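Here is the structure we will look at.
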Ligand SMILES: NC(=O)c1ccc[n+]([C@@H]2O[C@H](COP(=O)([O-])OP(=O)(O)OC[C@H]3O[C@@H](n4cnc5c(N)ncnc54)[C@H](OP(=O)(O)O)[C@@H]3O)[C@@H](O)[C@H]2O)c1
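Residue numbers (the numbering used here): -8 to 325.
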């Protein structure tokens, strides 16, 4: 037998990762999932992307979150993941929960984005090819499309499940009213909406304020939080300036103007509180999102194995005393 290049840690399910049930479903997901939005594109080194994916799986992370246009360039994160699938993960396919999405700008012309049947069907076929997969575990409508009848988008999700190209479906960033319609439409066709994916972190509490968390729970749908570190703001990355190799230095998805004096003061105060809790700011920020049982998992991004390793420690303490919660409230209100 040819020796596999990668053999995962035999103890991967005994490394301390905790798993939560995804709404009312048979699926358990790790409290920390890995997102491939950044650092897995063709501008990145394959060896670092591969090292992070291997490390994640070795630590009990079973869920990898992708989308058609992650890179840069568009599609290249899926291609990188496809290589990792082929070289390392294919024997473990049934231990993995892999997502992709369509809805944002992907290819030129009239059908490369939004929520038409034409666009979603074509995009998923492309994603499967790039990732070397026969099916994804969950396929998301990546954003609400105000110009396509919601029935068209949702019926496409139903048909994708019927075709066996995705086992489950989800929605991302849908306004509350559209989410209610989606939950109901899908349920009536015996396709349960497994996950709502939304931005949720200490600096952005919309899912909580708008009742998206509660609504998902009432529907038996899990909630999975993206950008739980506010793209790195809620870490030690920017406490003393903008490092050259950071996401903010690229000034694209995380703009330099976000780092105002007021935000910096908040981040520093949060960092002091984290130190008192015996955590890094990143650990505390993730713990804060996970303190709520309505959250199934946080999808983190990372640019190195050491960041991943720091972030995984967050799950050791996800409870906050009343005083700590008040202190956070006070810091964020200022
Ligand atoms: N549904 C949607 O519309 C949507 C939108 C956005 C994201 N997502 C998903 O959510 C995932 C995560 O999003 P995100 O990358 O914005 O998440 P994030 O976890 O908020 O930010 C990740 C960035 O924070 C920095 N970081 C992480 N851990 C650190 C640590 N321990 N110490 C210092 N810095 C640290 C790194 O920045 P540097 O690169 O600067 O080192 C890393 O790239 C994506 O990959 C994607 O799967 C979904």
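Ideal placement from N, C-alpha and C gives every residue a C-beta, glycine not left out. All values reported here derive from a predicted model rather than from experimental measurement.
Nonlocal neighbours in the same chain, by C-beta distance under 6 Å from residue 223, ignoring five residues either side: Taking the chain shown and counting its residues from 1, one reaches residue 223 at position 232. The residues are 238.
Cβ distance (whole Å) where residue 218 is taken to contact residue 196 below 8 Å: Reading the chain shown from its first residue, position 227 is the one you call residue 218. Reading the chain shown from its first residue, position 205 is the one you call residue 196. In fact, because the Cβ distance is near 13 Å, the residues do not count as touching under 8 Å.
heavy atom of ligand 1 below 7 Å from residue 223 C-beta: The residue labelled residue 223 in the question sits at position 232 within the chain shown. It does: the Cβ of residue 223 is within 7 Å (strictly closer) of some heavy atom of ligand 1.
Alpha helix (DSSP H) runs contained entirely in the stretch 252 to 311, provided each spans 4 or more residues: 252 to 268, 272 to 281 and 296 to 303
Touch test, the stretch 35 to 43 against the stretch 96 to 105, Cβ-Cβ under 8 Å, three pairs minimum: no
Straight-line Cα distance separating residue 246 from residue 254: Within the chain shown, residue 254 is the residue found at index 263, counting from 1. Within the chain shown, residue 246 is the residue found at index 255, counting from 1. In a straight line, the C-alpha of residue 254 is about 13 Å away from that of residue 246.
Assigned secondary structure, residue 7 (DSSP; H/G/I helix, E/B strand, else coil): The count along the chain shown starts at 1 and reaches residue 7 at position 16. Coil at residue 7, not helix or strand.
Bounding residues of the beta strand (DSSP E) (the contiguous stretch that carries residue 326): What the structure shows of the chain is the stretch from -8 to 325, and residue 326 is not part of that stretch, so it cannot be assessed.
CB of residue 10 within 8 Å of CB of residue 21, strictly: The residue labelled residue 10 in the question sits at position 19 within the chain shown. The residue labelled residue 21 in the question sits at position 30 within the chain shown. Cβ distance < 8 Å, so residue 10 and residue 21 count as in contact.
Endpoints, beta strand (DSSP E) assigned at residue 159: To locate residue 159, count along the chain shown from 1; it is residue 168. Note, residue 159: beta strand (DSSP E), 157 to 163.
Assumed close pair residue 194, residue 225 - CB separation to whole angstroms, cut-off 8 Å: Locating residue 194 in the chain shown gives position 203, where the first residue counts as 1. Locating residue 225 in the chain shown gives position 234, where the first residue counts as 1. Yes, residue 194 and residue 225 are in contact; Cβ-Cβ is about 7 Å, under 8 Å.
Secondary structure of residue 190, DSSP reduced to three states: Taking the chain shown and counting its residues from 1, the one referred to as residue 190 is at position 199. In the structure shown, residue 190 sits in a strand (DSSP, three-state: E or B).
Distance CB(residue 184)-CB(residue 144) smaller than 8 Å: In the chain shown, residue 184 corresponds to position 193, counting from 1. In the chain shown, residue 144 corresponds to position 153, counting from 1. In this structure, residue 144 does not lie closer than 8 Å to residue 184 by Cβ.
Check whether residue 31 and residue 72 have beta carbons under 8 Å apart: Your numbering for residue 31 matches position 40 in the chain shown. Your numbering for residue 72 matches position 81 in the chain shown. For residue 31 and residue 72, yes; Cβs fall inside 8 Å.
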